[in-house]
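Following: one structure in structure tokens, then a few remarks.
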Amino acid sequence: MRSFIPNKIPAIVFIVLSLANLACFSGRQGRGDTVKIQGAGSSFINPLMQKWVSEYGNINPNIRIDYQSIGSGGGVKQTRDRTIQFGATDVAIKDEDMKSADGEIVHIPVILGAVVLTYNLAGVEKPLRFSPDVIADIFLGKINRWDDARIQAENPEANLPSADLTVVHRSDGSGTSAVFTSYLSKVSPEWKEKVGEGTSPSFPVGLGGKGNEGVTGQIKQTPNTIGYVELAYAVKNKLPVAEIKNRAGQYIVPNFETVTNAAKESLADTPEDLRVSITDAAGANAYPIASYVYVVIYKELPDEKNGKAIVDFLLWGINDGQSFAQPLYYSPLPQEMVKRATAKINSITHGGKILRAEATNVQ
Amino acid sequence: MSNNQDENNLTGSNISGEKRTNNILGDRIFRIVLTLCATLILVIVAAMIAVMTQSSWLSIKEFGFGFLTGQNWDPIKGEFGALPFIYGTLVSAILALLIATPISVGVAVFLVEQAPKKLARPMAFLVELLAAIPSVVYGLWAIFVLAPLLRVYVQPFLQQTLGFLPFFKGTANGIGMMSGGIILAIMITPIITAVVRDVLEAVPVTQREAALALGATRWETTKIVLANANSGIAGAIVLGLGRAIGETMAITMIIGNRPEISLSLFDPGYTIASVIANEFTEATGDLYLSALIEMGLILFLVTFIVNGLAKLLILSVARQTAQSH
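Each protein sequence line maps, in turn, to chains R and Y.
Numbering-wise (the working numbering), the first sequence opens with residue 86 and increments by one.
Numbering-wise (the working numbering), the second sequence opens with residue 535 and increments by one.
Written out as structure tokens, the structure is:
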């Protein structure tokens, strides 16, 4: 009999809870004020998006947001097909794909991310420094030794090993690769011609790892490797992060400030539709391999209540939501971009009427 | 039902008409249900081929036969060729079989012929446990344990002793075709072992007793048992081959994902299943998607052909052994 109680308690609690839940849920449905929103896309923004979903859910318990991390390409595709209400992507949608959609799609920058160079070298303490042409030649396979004169010239104090250099890159299609190859295409004409930019580039050399975790794992396990990952993965795995020479000739460490700076410096060149690449940004203190993450959504939404909820959620994300960025190694939007993104969100309509709810207090 | 009727049924002489129609009706239903089950398999296979062919039509039209012989895979430029992937799939699977077959047969023979009962049961259980480990776990293990092991000990040794062979050239960094083949071998060993064990157990004990009675050694007895189980063992190997060809997650994590045909086992490779897993989610553009689906179709055909060839091989082996006896 002693075992009866501990055994049954979880079951009883479960039943009671699920009944309570059911009662609550049906009650709400009866009142009809539970709104469900479905989003999907970028796996890069997933940790932040989940944080937003849960924090926003605490403030607005009647709005349930579901975000699936299926990859940027899938997010864009499903948004276009209207199977979900909003998508998230690391790369802005291309012109031809914008035209083939059955309505106007708006891009809303919601956060900034950085792609960093990381490596596994024994006996090198200080962060290595790289200039754009050296990075391009490493990934083109033209520099294949660590003691190459051009690497040594930028790092005179580093004790570089006399060893083969192994490149590790992403094997799965990813926004991270798109941002990295967008940078290389800007700084190296040869890269642009031979490889180009995209989510699944055909790298001339190297090993492919699946996902950020695959690349991080291979770099950690294999001496004398170099590769690119998102900032968060390098920091969490205690991998070294290289300093990269930007357009102004400064060696820049990727951090919240330098990444946000890259966005700030690019504001003048940002077009009205906010689709912009901020790699290789100008400015003395701008980190050159960074990117906006966009929420993409149809400008005209089919459901009023649902649309209002999405608009409120997005406004909250680019304002209050920015404070959750840094602990997760994302960088906040510059203030000016918050203004422009707010204007974009405010332009979302239902039946031609602007959806922005009167109740939201946006500074 | 009375005892009397039972007896009648047994002798089969005096079955009542009513009962007989019932039986026939039951048999008919049984037969229809079974036929439906069998047709379902055919329908599924046909539907798969139809849908995949239809979805990959764009790519088939664009590249034609050149898709099979093309060596470029560049989604940005819209160039797609499947040859390095077919090569990688076949080589990694064959490598896995070369490693796994002797080990699996050895384990099975030990379990059936040699091991004391007390040891045989827990060991058989352990082998079956290996089969239940998810492949992503194998993949992680490969990155963190197998690859460093190969890089530090095995590959330098091979390079020093057999480095003149084309198979052991290039940079030894642990990740590549060799580790891919080994991880596949580890994954298919439990399956082959389990089937071979069942096959060996099915060989009549009288065979062994007869051999031993004639003064055969343990080794000679085992040879006779193995010869008897020949076609069953070959079947087990085909089963393992099928799993090796279709395996995705573990090999994607360790093979290096590089669409290149290289004789060296140290170099990275790429398999058909891996490229689909890697690129399908982010594949934008109709031709790109279509090319990936055509890859699926090719994987289907490769499996079909390889299985067919293996079955033929089994038949010929079985015939040979039958003749030699």
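All residues carry an ideal CB built from backbone N, CA and C; glycine is no exception.
In chain order, G715, I716, A719 place their CB closer than 8 Å to the CB of I633(Y), counting only its own chain and leaving out the 5 sequence neighbours on each side. Closer than 7 Å at the C-beta level to chain Y, one finds these residues of the segment 291-320 of chain R: L292, G293, K295, G299, G302, Q303, Q306, T307. When the alpha-carbon of A177(R) is set against those of N147(R), M134(R), G126(R), I150(R), the nearest one is in G126(R).
In this structure, the CA atom of I337(R) is about 14 Å from the CA atom of L316(R).
Remark: C-beta atoms of A348(R) and Y379(R) do not approach each other more closely than 8 Å.
Boundaries of the alpha helix (DSSP H) harbouring K279(R): 274-279, taken from the DSSP string. Between L225(R) and the set T251(R), E342(R), D232(R), I430(R), the nearest pair of CA atoms involves T251(R). It is roughly 30 Å from the alpha-carbon of V320(R) to the alpha-carbon of D801(Y). Contact of T815(Y) with chain R is assigned, a C-beta pair being separated by under 8 Å. For R255(R), the uninterrupted beta strand (DSSP E) segment begins and ends at 251-255. Pairing S287(R) with I832(Y), the inter-Cα distance amounts to about 21 Å. Note on V195(R): 16 or more other CB atoms within 10 angstroms of its CB, so buried under the neighbour-count rule. In the DSSP assignment, K295(R) falls outside any alpha helix (DSSP H), carrying neither H nor E.
At least one C-beta of chain Y is nearer than 8 Å to the C-beta of I155(R).
Between the alpha carbons of I395(R) and L386(R) lies a distance of about 10 Å. At a C-beta separation below 8 Å, T705(Y) has these neighbours in chain R: D249, T251. When CB distances to chain Y are screened at a threshold of 9 Å, the residues of the segment 273-288 of chain R falling below it are V280, G281, E282, G283, T284, S285, P286, S287, F288, in chain order. For S362(R), no Cβ of chain Y is located within less than 8 Å of the residue's own Cβ. Non-local C-beta neighbours of G830(Y) in its own chain, meaning closer than 7 Å and more than five positions away in sequence, comprise M586, I810, ordered along the chain. Judged by DSSP in its simplified three-state form, Y204(R) adopts strand.
For S139(R), no beta strand (DSSP E) encloses it; the enclosing alpha helix (DSSP H) starts and ends at 131-144.
Proximity to M787(Y) across G774(Y), A807(Y), S765(Y) peaks at A807(Y), based on C-alpha coordinates. L413(R) is classed as exposed because its beta carbon has fewer than 16 other beta carbons within 10 Å across all chains shown. Among the residues of the segment 677-688 of chain Y, those with a Cβ less than 8 Å away from any Cβ of chain R are I677, F678, A681, P682, R685, in the order of the chain. Here W276(R) is buried, its C-beta having at least 16 other C-beta atoms within 10 Å. Residue range 157-165 is occupied by the alpha helix (DSSP H) that includes R165(R). Annotated three-state conformation of Y383(R) is strand, per DSSP. The alpha-carbon separation between S408(R) and L440(R) amounts to approximately 25 Å.
It is roughly 6 Å from the alpha-carbon of P325(R) to the alpha-carbon of P212(R).
With at least 16 other beta carbons inside 10 angstroms of its own, V201(R) counts as buried. Distance check between T119(R) and each of A428(R), G260(R), K393(R) places K393(R) closest, using alpha-carbon atoms only.
With respect to the C-alpha of K279(R), the residue from G769(Y), I610(Y), F814(Y) having the closest C-alpha is I610(Y).
Contacts with chain Y at 8 Å (Cβ-Cβ) do not include G226(R).
A residue is called buried once 16 or more other Cβ atoms fall within 10 Å of its Cβ, and G710(Y) is buried on that count.
Straight-line measurement puts the Cα of R752(Y) at about 39 Å from the Cα of F838(Y). CA-CA distance, G402(R) to W137(R), rounds to 7 Å.
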